[in-house]
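A.B. asks: In this note's numbering, the protein residues as written are 176 to 409.
C-beta atoms are modelled at their ideal positions from N, C-alpha and C, and glycine is treated no differently.
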């Protein structure tokens, strides 16, 4: 149970003061009946609340899968570049990206307002797998695979945690899959640089058990399914 005004605030339909004005104007109904006060208790799971005849569904948190395009920054606001939040059409001002992808990196990015889930996914103690597809300038060999598995030195003295490197195609421009469990700044680029190779293209395919929807075009997003949310939380 919660107060009606709290319900309207959490569903991003009105501030408390705006909700009061709506109620006075007779714009809010509870189970089909007009209500004039917003301090009444409602059951957010069973009661039917409508504003201007639009039924409002209660969601405690919002979860979106975004296929991040290149050129967009992983931030809530930026004075120069478009942000990933700018791509999401929602009145929810509390949305934020879970982790970050470099400006030129594409692929899966989770957008939410669920701080607890974000902490669980980003905590170094949780060892959450993040899988990427990459094009590499240089011939990736089994020697490179072994180096990634043992950990390579970046930033002068930091040894990365073991990473899984799978070779799709080895040539002057190699194609690989990389799975890491940490997220240092430019980490994958620096790991290949330590092997005298350069990342030409990078796209995140999955995070934990959330897999980028193959039908989601670059720059597009969709809400997570209930099953995907449950899987992430488990």
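Considering only residues of the same chain and omitting the five flanking positions on each side of residue 391, which have a CB-CB separation below 6 Å?
C.D. replies: Excluding residues within five positions, the ones whose Cβ falls inside 6 Å are 242.
A.B. asks: Evaluate residue 405 with the Cβ neighbour count: other Cβ atoms within 10 Å of its Cβ, from every protein chain shown; 16 or more gives buried, anything less gives exposed.
C.D. replies: Result: exposed.
A.B. asks: What residues match up with residue 287 in a beta bridge as DSSP calls it?
C.D. replies: Residue 287 is bridged to 238 and 271.
A.B. asks: What residue range does the alpha helix (DSSP H) around residue 404 cover?
C.D. replies: From DSSP, the alpha helix (DSSP H) with residue 404 extends over 401-408.
A.B. asks: If the criterion is Cβ atoms closer than 9 Å, does the pair residue 412 and residue 206 meet it?
C.D. replies: Lying outside 176 to 409, the shown extent of the chain, residue 412 is not represented and no answer is given.
A.B. asks: For residue 388 versus residue 240, is the C-beta spacing smaller than 9 Å?
C.D. replies: The answer is yes: Cβ separation under 9 Å.
A.B. asks: Hey, residue 310 and residue 375 are a contact pair by Cβ (cut 8 Å); roughly how many whole angstroms apart?
C.D. replies: That belief holds up - the Cβ atoms of residue 310 and residue 375 are roughly 5 Å apart, short of 8 Å.
A.B. asks: Around the C-beta of residue 264, are 16 or more other C-beta atoms found within 10 angstroms, so that it is buried, or is it exposed?
C.D. replies: By the neighbour-count rule (16 or more Cβ atoms within 10 Å), residue 264 is not buried but exposed.
A.B. asks: If you draw a straight line from the C-alpha of residue 349 to the C-alpha of residue 280, how long is it?
C.D. replies: Rounded to whole angstroms, residue 349 to residue 280 spans 17 Å at the Cα level.
A.B. asks: Go ahead and label residue 177 buried or exposed: buried means 16 or more other beta carbons lie within 10 angstroms of its beta carbon, across all protein chains shown.
C.D. replies: Classification for residue 177: exposed.
A.B. asks: Take residue 306 as the anchor and find which of 341, 262 and 185 has the nearest alpha-carbon.
C.D. replies: Of 341, 262 and 185, the residue nearest in Cα terms is 341.
A.B. asks: Once DSSP output is grouped into helix, strand and coil, what is the label at residue 216?
C.D. replies: Here residue 216 sits in strand by DSSP.
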